[in-house]
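Colleague: Numbering (the numbering used here) for the sequence shown: 4 to 255. Pasting a structure here, questions to come.
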Amino acid sequence: STISARTFLMRYLAPSQPVLLRGAANEWPLRLQGPQRWDRTNFLERFGSHQAVSSTIPYADRFGRGATNNRTTIADFVAFLESDQMQRQKDEGHGSSRQIFSDRPHPDMLRDFPLIPGWLRLHERLVDPMPAALQYFVGGPNAGAPHHWHGDAWNALAFGLKEWTLLPPARAKFSSKGQLFDVAGPSSHGKESTELKRNVTHRAIGREEKSAQLASLKCTQHSGDVFFVPASWGHSTRNIRTSVGIAVEFRY
């Protein structure tokens with residue numbers, strides 16, 4: 004959470020190495036106690052009436068799956084996630100893959116986090132102040148994104164628990180499958196994630212010269228953590244718990 008901009012640049016941004024920054028968002032308004040905190044009560048009070056689209060995968064219409072889209076409000080979607088049927092599925096270890104993943108945030112959401120975090124502020128002109136993409140997400144257990152890749156991005160988890168699977172650029176791929184199976188086998192939250200967690204925090208995942216040979220890697224993102232995914236690194240996500248947060252693709 005105290006990583007300097009110079010360290011981030013030299014160790015992760017320049018060599019294109021993913022890193023999980025533990026607690027890096029804990030001092031942002033969306034995590035601090037107060038009216039801007041993205042807990043359930045404040046989030047619904049401020050943004051519950053905001054119009055959105057829920058789908059089984061992010062941007063489903065771009066993958067020919069627009070028929071799965073449902074227009075809703077954030078409040079109605081949260082009510083769906085908390086419905087009796089959904090609760091029974093959750094108790095049985097299942098959950099809906101439906102989620103809101105939207106590039107149309109409520110304007111007030113932009114007050115609750117920095118568009119350029121401190122660890123990206125090495126020089127005032129290093130990062131374009133206009134993000135390449137900015138999204139917020141709300142999803143229950145098992146919601147997430149199939150394998151894909153894009154430009155440099157960071158993902159902040161305001162609340163929840165999320166599992167990541169990463170592939171080095173040589174193995175990155177796109178998938179539109181709604182269920183999230185990674186190339187190494189069924190997703191798990193246990194020993195594998197715990198072991199990688201020790202290796203991913205505050206240091207690169209692997210070395211650049213070995214990246215092409217790496218198998219898929221996993222780690223677990225907790226509330227307040229920020230994950231940096233370099234350009235061209237393949238990745239998929241799966242919520243372990245209901246999760247709320249933001250994702251920003253940036254240019255420099």
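Using N, Cα and C, we set each Cβ at its ideal position, and we do this for glycine too. Small disclaimer: the values here were computed from a predicted structure and weren't measured.
Checking contacts by CB at 8 angstroms: is Asp155 closer than that to chain B?
Modeller: The question asks about chain B, but that chain is absent: this structure has only one protein chain.
Colleague: Just curious, the beta strand (DSSP E) that Ile77 is in, first and last residue?
Modeller: Start at 1 with the first residue of the sequence shown, and residue 77 comes out as number 74. No beta strand (DSSP E) contains Ile77, which is instead part of the alpha helix (DSSP H) from 77-84.
Colleague: For Ile103, write down the residues that DSSP places opposite it in a beta bridge.
Modeller: Looking up residue 103 in the sequence shown gives position 100. According to DSSP, which records beta bridges pairwise, Ile103 is partnered with Ser57, Val141.
Colleague: Please state the DSSP three-state secondary structure of Phe11.
Modeller: Residue numbering aside, residue 11 sits at position 8 when the sequence shown is read from its first letter. In this structure, Phe11 counts as helix in the three-state DSSP scheme.
Colleague: Which stretch, first to last residue, makes up the beta strand (DSSP E) that contains Glu3?
Modeller: Because the chain in this structure spans residues 4 to 255, residue 3 falls outside the shown range and cannot be described.
Colleague: Is it right to say Leu35 is buried, meaning 16 or more other beta carbons lie within 10 angstroms of its own, or is it exposed?
Modeller: On the sequence shown, residue 35 is found 32 positions in, with the first residue counted as 1. Leu35 comes out exposed.
Colleague: Which of the three DSSP states, helix, strand or coil, is assigned to Pro110?
Modeller: As a first step, residue 110 must be located in the sequence shown, where it is residue number 107. The answer is helix: DSSP assigns Pro110 an H, G or I state.
Colleague: The beta strand (DSSP E) that contains Leu16, what's its start and end?
Modeller: Reading the sequence shown from its first residue, position 13 is the one you call residue 16. It is not in any beta strand (DSSP E) - Leu16 carries neither H nor E in the DSSP assignment.
Colleague: Short check: CB of Ala27 to CB of Asp155, under 8 angstroms?
Modeller: Your numbering for residue 27 matches position 24 in the sequence shown. Your numbering for residue 155 matches position 152 in the sequence shown. Going by C-beta atoms, Ala27 is not nearer than 8 angstroms to Asp155.
Colleague: Around the C-beta of Asp106, are 16 or more other C-beta atoms found within 10 angstroms, so that it is buried, or is it exposed?
Modeller: Taking the sequence shown and counting its residues from 1, the one referred to as residue 106 is at position 103. Asp106 should be labelled exposed.
Colleague: Give the DSSP bridge partners of Ala161, in chain order.
Modeller: Taking the sequence shown and counting its residues from 1, one reaches residue 161 at position 158. According to DSSP, which records beta bridges pairwise, Ala161 is partnered with nothing at all.
Colleague: When we look at the beta-carbon of Arg165 and count the other beta-carbons within 10 Å, is it buried (16 or more) or exposed?
Modeller: On the sequence shown, position 162 is the one that residue 165 refers to. It should be noted that the sequence gives Lys, not Arg, for residue 165. Residue environment for Lys165: buried (at least 16 other C-beta atoms within 10 angstroms of its C-beta).
Colleague: Give me the Cα-Cα distance between Ser58 and Asn72, rounded to the nearest whole angstrom.
Modeller: Residue mapping note: residue 58 aligns to position 55 of the sequence shown, counting from 1. Residue mapping note: residue 72 aligns to position 69 of the sequence shown, counting from 1. Approximately 5 angstroms between the Cα atoms of the pair.
Colleague: Within 10 Å of its beta-carbon, does Pro38 have 16 or more other beta-carbons around it, so buried, or fewer, so exposed?
Modeller: As a position in the sequence shown, residue 38 is number 35, starting the count at 1. Classification for Pro38: exposed.
Colleague: Tell me which residue opens and which closes the beta strand (DSSP E) that Phe253 is part of.
Modeller: For this step, residue 253 is matched to residue 250 along the sequence shown. Counting along the chain, Phe253 falls outside any beta strand (DSSP E), and DSSP gives it neither H nor E.
Colleague: How would you label Ser116, buried or exposed, when you count the other beta carbons within 10 angstroms and need 16 or more for buried?
Modeller: As a working mapping, residue 116 is identified with position 113 in the sequence shown. First, the residue type needs correcting, since residue 116 is Phe and not Ser in the sequence shown. The residue in question, Phe116, is buried, as its Cβ has 16 or more Cβ neighbours within 10 Å.
Colleague: Which of the three DSSP states, helix, strand or coil, is assigned to Pro172?
Modeller: Position 169 of the sequence shown, counted from the first residue, corresponds to residue 172. The answer is helix: DSSP assigns Pro172 an H, G or I state.
Colleague: To which residues of the same chain is Asp131 closer than 6 angstroms at the C-beta, ignoring the five residues directly before and after it?
Modeller: Residue numbering aside, residue 131 sits at position 128 when the sequence shown is read from its first letter. For Asp131, where only same-chain residues beyond five positions count, the Cβ hits under 6 angstroms are Arg254.
Colleague: Which value, in whole angstroms, describes the spacing of the CA atoms of His109 and Ala146?
Modeller: Taking the first residue of the sequence shown as 1, we reach residue 109 at position 106. Taking the first residue of the sequence shown as 1, we reach residue 146 at position 143. His109 and Ala146: Cα-Cα distance of roughly 22 angstroms.
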